[in-house]
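Data block below; observations after.
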Amino acid sequence: YEFMPNGSLDRWIFPSRAGREAASSLDWPTRCKIILGVAKGLCYLHEDCTQRIAHLDVKPENILLDQRFNPKLSDFGLAKLIDRDQSHVNTRMRGTHGYLAPEWLSAIITEKVDVYSFGVVVLEIVCGRRNLVRSQPEVDMLLVTLLKRKAEEGRVLDLVDDRIKEDTRRHVESATKLMQIAGWCLQDHRQRPSMSVVVKALEDAVGGVVEFQPSGVVQCSGNASGPLSSWVLSGPR
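Going by my numbering, the first residue of the sequence shown is number 2, and it counts up by one from there.
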């Protein structure tokens, strides 16, 4: 097993007495790098394996960071294989509260549940807070609901982690696009993009912020500017 000296992502993005100083050192380019790396990992699982692999528990605690903050998905204990000729699988609810897509209630599952969880993780990385904070006023407890409200008000950048707001002022366009992509991933499963489309949108969004090798093996298999809920602003272009 590869040693991941920087541990799991949660200790770097969520303030705590033990991790506040570490969390403040994750600058905007590093956060963008992590988001893009996780997206590419999920794209590989969903589209480049013999069978599609749905991770089913995508969350910061299951994203490990190497010495250079390259992310690796871990903990495949809940993962499910989906044959190429299967449209979905039936399975009992599994995963972590706050990252579960609404369709878990029907138990008819595709890899799109990972896309939803990824959208939540993107929000947590950009905002520097958990998706559910019970100490917040009721209207601000749920990060997904808060994004919807701020988008309707045209103030999504209010949600950016205070520790990197100075940093993101130089990257307003990429910060806005990442919020849009997160909202795009949180739509109804029939409108959610595939991870290959998400990767392409992310590369377009953060190309001026982080250096990366364009994804030669990732094909854009959908319309990156497809229909969006009104609160997602507009689709990544």
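For each residue, glycine too, the CB sits at the ideal point set by N, CA and C.
Identify the residues that DSSP records as bridge partners of residue i: which are they?
i           : result
residue 65  : 9 and 73
residue 81  : 55
residue 110 : 90
residue 158 : For residue 158, which the question treats as bridged, DSSP gives no partner whatsoever.
residue 133 : 143
Among the options, whose alpha-carbon lies nearest the alpha-carbon of residue i?
i           : options               : result
residue 205 : 174, 98, 50 and 44    : 174
residue 78  : 101, 59, 86 and 70    : 59
residue 145 : 122, 164, 155 and 165 : 122
residue 33  : 90, 51, 14 and 142    : 14
residue 42  : 101, 73, 10 and 140   : 73
residue 68  : 27, 195, 16 and 44    : 27
residue 185 : 31, 118, 104 and 64   : 118
residue 115 : 208, 196, 3 and 150   : 196
residue 84  : 108, 102 and 55       : 55
residue 155 : 135, 180, 166 and 37  : 180
residue 38  : 53, 64, 50 and 172    : 64
Tell me the residue span of the alpha helix (DSSP H) that contains residue i.
i           : result
residue 102 : Segment: none, residue 102 is in no alpha helix (DSSP H) and carries neither H nor E.
residue 181 : 173-186
residue 197 : 196-207
residue 154 : 144-154
residue 41  : 29-44
residue 189 : Here residue 189 belongs to no alpha helix (DSSP H), and DSSP marks it neither H nor E.
Could you give the C-beta distance for residue i and residue j, rounded to a whole number, given that I count them as a contact under 8 Å?
i         : j          : result
residue 5 : residue 66 : 6 Å
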